[in-house]
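J.: Dropping a structure here in structure tokens format, bear with me for questions.
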Amino acid sequence: MSSCCCSRAHLPVVAVHSSGRPASASPWPHARPRLCSKQPAVDSLPTTADLAPGGGIARSLLQGSGSSLQSQLGQRDQRLRVAVDVDEVLGRFLHSLNQFCHEAYGVHYDVADYFVYDFAKVWECEQGESNNRVHEFFDSHHFAAGIEAIPGALPALQRLQAACDLMVVTSRQHIIRQPTLEWLDQHYPGIFTGNVHFGNHFALEGSSRKKSEICRAVGADVLIDDNPAYAVECAQAGVHVLLYDWQNSYPWSRTAEGPVHDRITRVRDWAEVEQVLGVLAAQRQA
């Protein structure tokens with residue numbers, strides 16, 4: 009396990025709680041699940057003014073391009089090491105999984121139904137059955153060719169690439185390593201080549217590895233992830249986390265039942281990711 013040689017500056021923060029989201033896997037009952045109404049809402053997202061006191065730092069640093077961030081982190085030893093999750097951050101995994109559920113089992117789920125990213129709970133079934141259903145999805149065309157990229161991610165990553173060392177840290181299983189690498193090459197060419205790390209969570213075989221362990225081993229300064237449980241886990245390990253809730257459409261990311269951590273910041277899209285990383289760059293230079 010290695011550690012990052014750079015000191016970790018504090019990101020601007022918004023209170024975030026943890027919720028239990030396992031990394032992949034679980035099927036459905038015949039009845040449509042009821043959404044949970046007991047989990048408290050997480051604080052509202054920051055605005056650009058929240059991210060930069062006086063409103064000027066994020067705007068002046070990035071303005072939608074990576075050139076200003078590059079100037080902030082021009083030296084190799086100052087580059088941010090940024091780990092990026094795959095499902096729901098780079099690709100619309102749930103959207104394709106829901107299509108598979110409808111086609112294979114005649115049930116209908118929307119992204120809005122996932123009050124927690126734990127498929128067994130949403131589908132109201134045993135964990136083992138849930139894992140098996142997800143592996144059936146892996147063998148379907150919905151997984152092989154149906155997962156769409158998150159809008160705005162590629163151009164943002166291309167800009168950030170000038171100033172950041174980018175890597176993937178995903179909870180995906182080893183069994184889908186090759187199709188995952190092929191999907192990344194197709195949708196994010198030249199961004200993560202040779203720097204993709206798998207946690208193998210909720211796999212049918214093999215051991216798993218915590219995201220916090222992977223992040224620490226690769227020296228990640230920042231993790232971009234949609235899962236509050238992983239966010240808190242990694243924040244407690246010293247990694248700054250951008251909790252990704254695309255267009256405020258991820259219920260599991262907005263509800264919680266766990267601790268608050270000051271290394272977690274909410275973001276709604278890749279433009280906000282760039283802004284927050286710009287603030288971190290400025291703080292590192294201060």
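Our numbering numbers the first residue of the sequence shown as 9 and each following residue consecutively.
Positions of the beta carbon are idealized from the N, C-alpha and C atoms, including for glycine.
Starting from H205, follow its DSSP beta bridges and name the residues at the other end.
T.: In the sequence shown, residue 205 corresponds to position 197, counting from 1. V177, per the DSSP bridge assignment.
J.: I need the straight-line Cα distance from I302 to V287, nearest angstrom please.
T.: Within the shown structure, residues of the chain are numbered from 9 to 294, placing residue 302 beyond reach of any answer.
J.: From the DSSP secondary-structure annotation, give me the bridge partner or partners of Y125.
T.: The residue given as residue 125 occupies position 117 in the sequence shown. In DSSP, Y125 forms no bridge with anything.
J.: Please name the residue, chosen from H209, W131, P236, V204, that lies closest to Q181 on a Cα-to-Cα basis.
T.: On the sequence shown, residue 181 is found 173 positions in, with the first residue counted as 1. If we check each option's Cα against that of Q181, H209 comes out closest.
J.: Please tell me whether L98 and A289 are closer than 8 Å, where the distance is taken between their beta carbons.
T.: On the sequence shown, position 90 is the one that residue 98 refers to. On the sequence shown, position 281 is the one that residue 289 refers to. Not closer than 8 Å, so no.
J.: From the DSSP output, read off the bridge partner residues of Y252.
T.: Counted from its first residue, the sequence shown places residue 252 at position 244. In the DSSP output, where bridge partners are listed per residue, Y252 has V275.
J.: T188 and V94: beta carbons closer than 8 Å?
T.: One-based indexing of the sequence shown puts residue 188 at position 180. One-based indexing of the sequence shown puts residue 94 at position 86. Result yes, Cβ atoms of T188 and V94 sit closer than 8 Å.
J.: Using CA atoms only, rank isn't needed, just tell me which of E213, E132, Q166 is closest to F278.
T.: The count along the sequence shown starts at 1 and reaches residue 278 at position 270. Going by the sequence as given, residue 278 is Trp instead of Phe. Closest in alpha carbon position to W278, among E213, E132, Q166, is Q166.
J.: Which residues in the same chain as S216 place their Cβ atom closer than 7 Å to its Cβ, once the five residues preceding and following it in sequence are excluded?
T.: Translated into the one-based positions of the sequence shown, residue 216 becomes position 208. Around S216: G207, N208, H209.
J.: Comparing alpha-carbon positions, which option in N106, A161, Y117 lies nearest P197?
T.: In the sequence shown, the residue the question calls residue 197 occupies position 189. Checking every option, the nearest Cα to that of P197 belongs to A161.
J.: For the putative contact between W260 and Y125, defined by C-beta atoms under 8 Å, what is the C-beta separation to the nearest angstrom?
T.: Here residue 260 refers to the residue found at position 252 of the sequence shown. Here residue 125 refers to the residue found at position 117 of the sequence shown. With 8 Å as the limit, W260 and Y125 qualify as a contact, their Cβ atoms being about 4 Å apart.
J.: Based on the DSSP output, what are the partners of Q232 in its beta bridges?
T.: As a working note, residue 232 is residue 224 in the sequence shown. For the sequence presented, residue 232 should be read as Ile rather than Gln. In the DSSP assignment, the residues bridged to I232 are V92, L250.
J.: My assumption, with CB atoms under 8 Å, is that L105 sits in contact with F145. Please give the rounded CB distance.
T.: Working through the sequence shown from its first residue, we reach residue 105 at position 97. Working through the sequence shown from its first residue, we reach residue 145 at position 137. Indeed they touch by this definition, with Cβ atoms about 6 Å apart.
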